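Written below as structure tokens is the structure these notes are about.
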Ligand code: GAR
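Residue numbers (our numbering): 4 to 205.
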């Protein structure tokens with residue numbers, strides 16, 4: 004049973020998908036803590052409803068990003084976390100923080116990386132006019148939206164898609180592949196070799 008902590012800034016629908024995957028027995032994980040950097044984030048209420056310890060840590064109450072991250076680290080160490088899951092966490096973690104949890108932080112991004120990094124990936128895809136986009140689960144390294152790719156799902160972009168239409172279709176796939184990626188890690192089937200992920204047994 005892998006111990007995970009989820010960082011989320013907003014709506015928390017990916018967090019919900021992970022909570023549901025744990026309660027259905029699909030995902031052999033214990034969500035020991037949910038942290039948000041935004042007060043009143045829906046993610047925190049979702050954690051509450053599921054009986055999961057959750058915390059708002061206010062970045063503005065620290066002088067420096069390093070102090071905020073020191074607080075995050077203390078929380079993570081306190082619960083003995085094995086995997087940090089970023090689920091709509093809209094804050095860039097420093098290289099030092101990432102170094103502390105090397106290959107133990109994963110993220111989901113709403114595009115087929117390395118395309119459309121950064122904010123509003125779905126809008127970038129619609130504006131560019133790609134025929135396919137999707138989502139990516141990856142290990143977090145010191146870059147932004149970089150790091151070894153664990154799973155991706157492809158979504159067709161229709162010509163009359165609004166950004167919201169595409170985002171909704173991508174989100175459905177996010178909810179499918181994020182619990183699956185965590186399950187693969189929990190089963191110790193995910194190895195990194197030469198910057199690429201190898202999934203053992205499939
Ligand atoms: C998701 O679409 C996630 O891929 C995206 O934020 C949304 C969070 O939704 N993350 C990023 O853009 C990170 N760069 P949720 O709060 O409902 O899970």
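By construction, the Cβ of each residue, glycine as well, lies at the ideal position given by its N, Cα and C atoms.
Please read all numbers here as calculations on a predicted model, not as lab measurements.
Residue i CB to nearest heavy atom of ligand 1 below 8 Å
i, result
"residue 113", "yes"
"residue 152", "no"
"residue 134", "no"
"residue 165", "no"
"residue 170", "yes"
"residue 16", "yes"
"residue 177", "yes"
Proximal residues to residue i (C-beta, below 7 Å), its chain only, five neighbours per side dropped
i, result
"residue 176", "137, 138, 156 and 158"
"residue 198", "151"
"residue 211", "The structure shown does not extend to residue 211, since the chain is modelled only from 4 through 205, so no value can be given for it."
"residue 110", "89, 141 and 143"
"residue 68", "97"
Given residue i as reference, the closest of the options once Cα atoms are compared
i, options, result
"residue 8", "92, 61, 147 and 198", "92"
"residue 202", "169, 67 and 141", "141"
"residue 98", "160, 153, 23 and 148", "148"
"residue 63", "56, 55, 57 and 74", "74"
Residues of its chain near residue i, where Cβ-Cβ distance is below 8 Å and the 5 sequence neighbours each way are ignored
i, result
"residue 207", "Residue 207 falls outside the range modelled here, since the chain spans only 4 to 205, and no answer is possible."
"residue 12", "39, 40, 41, 44, 46, 91, 92, 93 and 94"
Contacting residues, own chain, Cβ-Cβ under 6 Å from residue i (five flanking each side not counted)
i, result
"residue 100", "72"
"residue 22", "53"
"residue 14", "45"
Whole-angstrom distance between residue j and residue i, CA atom to CA atom
i, j, result
"residue 25", "residue 80", "22 Å"
"residue 182", "residue 163", "30 Å"
"residue 30", "residue 186", "5 Å"
"residue 60", "residue 128", "32 Å"
"residue 135", "residue 10", "28 Å"
"residue 131", "residue 118", "11 Å"
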